[in-house]
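**Q**
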Amino acid sequence: MGFRTDTSLPIARAMTSDDTTPLESIRTRIAKAADIADRRVSDVTLIAVSKTHPAEAITPLLEQGQRAFGENRVQEAAEKWPALRAAYPDVELHLIGQLQSNKAAEAVALFDCIHAVDRPSLVEALGKAMAAGDRRPDCFLQVNIGDEPQKGGCAIADLPALLEKARAAGLPIAGLMCLPPADIEPAPYFALLAKLARESGLTGLSMGMSDDFETAVTIGATHVRIGSALFGARGVAA
1 MGFRTDTSLP
11 IARAMTSDDT
21 TPLESIRTRI
31 AKAADIADRR
41 VSDVTLIAVS
51 KTHPAEAITP
61 LLEQGQRAFG
71 ENRVQEAAEK
81 WPALRAAYPD
91 VELHLIGQLQ
101 SNKAAEAVAL
111 FDCIHAVDRP
121 SLVEALGKAM
131 AAGDRRPDCF
141 LQVNIGDEPQ
151 KGGCAIADLP
161 ALLEKARAAG
171 LPIAGLMCLP
181 PADIEPAPYF
191 ALLAKLARES
201 GLTGLSMGMS
211 DDFETAVTIG
221 ATHVRIGSAL
231 FGARGVAA
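Note that UniProt numbering has the sequence shown beginning at 1, numbered continuously upward.
Spelled out as structure tokens, the structure:
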């Protein structure tokens, strides 16, 4: 997946002080961060996090060429995206929120990538859903990189076993995902995730959001998840 973009919506159409749109500004910042790390910007996928935002806020972004979008909930995505996908069939839909095992089949049918695979029961459910159908979305294993009890993700010590189980179940494992602790310098946590990925033979790194995506890109992020910097404050989910 390449670096995709666009700008839209009331927020995304607003111009910054130098007459660039928020999306254009983010693209430029990603490109600069990639250049600092001697990376190709095409190796970084910008995921526009559209969770809780209505279709009318997403359409302008689609019109500008943005194709990778992130949603938190299966039900919300199932209500919002079929019509949008009919108009824009090349959209890539990413599930970035926690997934209940009983929603695995729905997620496999709807999403192109699942970013928060974090436990054996979910691995089993996803494996069965993929075996029963013809869709095999890429998967990221979520690591609880800061060992925070309130967050999802497998413990670092449990990662090798989870990865082995996921591979045995036939899941296409693209890489690792994390959410670093808030209000703490994220670089050490991003670097740790990158190290774990290398040790696991994985190249994908889903890390970095609106406040820290540049740091993530310099450390090797292949997928950054940008919401508020594109859409403004989140709305209330229906």
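Note that the Cβ used here is the ideal one computed from N, Cα and C, for glycine as well. Keep in mind the model is a prediction, meaning the values are calculated, not measured.
Classify residue 262: buried if its beta carbon has 16 or more other beta carbons within 10 angstroms, exposed otherwise.
**A** Lying outside 1 to 238, the shown extent of the chain, residue 262 is not represented and no answer is given.
**Q** Specify the secondary structure class of residue 4 as computed by DSSP and reduced to three states.
**A** Along the sequence shown, one-based indexing puts residue 4 at 4. Annotation note: pLDDT 38 at residue 4 (below 50); position unreliable, coordinate value reported separately. The answer is coil: DSSP assigns residue 4 none of H, G, I, E or B.
**Q** Using the Cα positions of residue 89 and residue 113, report the straight-line distance between them to the nearest angstrom.
**A** The sequence position of residue 89 within the sequence shown is 89, counting from 1. The sequence position of residue 113 within the sequence shown is 113, counting from 1. Their Cα atoms are separated by approximately 15 Å.
**Q** Along the chain, where does the alpha helix (DSSP H) containing residue 127 start, and where does it finish?
**A** Within the sequence shown, residue 127 is the residue found at index 127, counting from 1. Its alpha helix (DSSP H) spans residues 120-132.
**Q** Just reading off the alpha helix (DSSP H) that residue 75 is part of, what are its end residues?
**A** Residue 75 sits at position 75 when you count from the first residue of the sequence shown. Membership of residue 75 in the alpha helix (DSSP H) is indicated by the continuous run 74-87.
**Q** Going along the chain, which residues of its own chain have a beta-carbon closer than 7 Å to the beta-carbon of residue 120, five neighbours each way excluded?
**A** The sequence position of residue 120 within the sequence shown is 120, counting from 1. Only 162 and 165 meet the Cβ criterion.
**Q** Does residue 246 pass the burial test, meaning 16 or more other C-beta atoms within 10 Å, or should it be called exposed?
**A** The chain is shown only over 1 to 238; residue 246 falls outside these bounds and no answer can be derived.
**Q** Is residue 28 close to chain B, meaning its C-beta is less than 8 Å from at least one C-beta of that chain?
**A** Note that chain B does not occur in the displayed structure, where there is just one protein chain.
**Q** Roughly how many angstroms lie between the CA atoms of residue 153 and residue 79, to the nearest whole one?
**A** Indexing the sequence shown from 1 puts residue 153 at position 153. Indexing the sequence shown from 1 puts residue 79 at position 79. So the alpha carbons of these two residues sit roughly 27 Å apart.
**Q** In the structure shown, what three-state DSSP assignment does residue 185 receive?
**A** By one-based count along the sequence shown, residue 185 stands at place 185. Here residue 185 sits in coil by DSSP.
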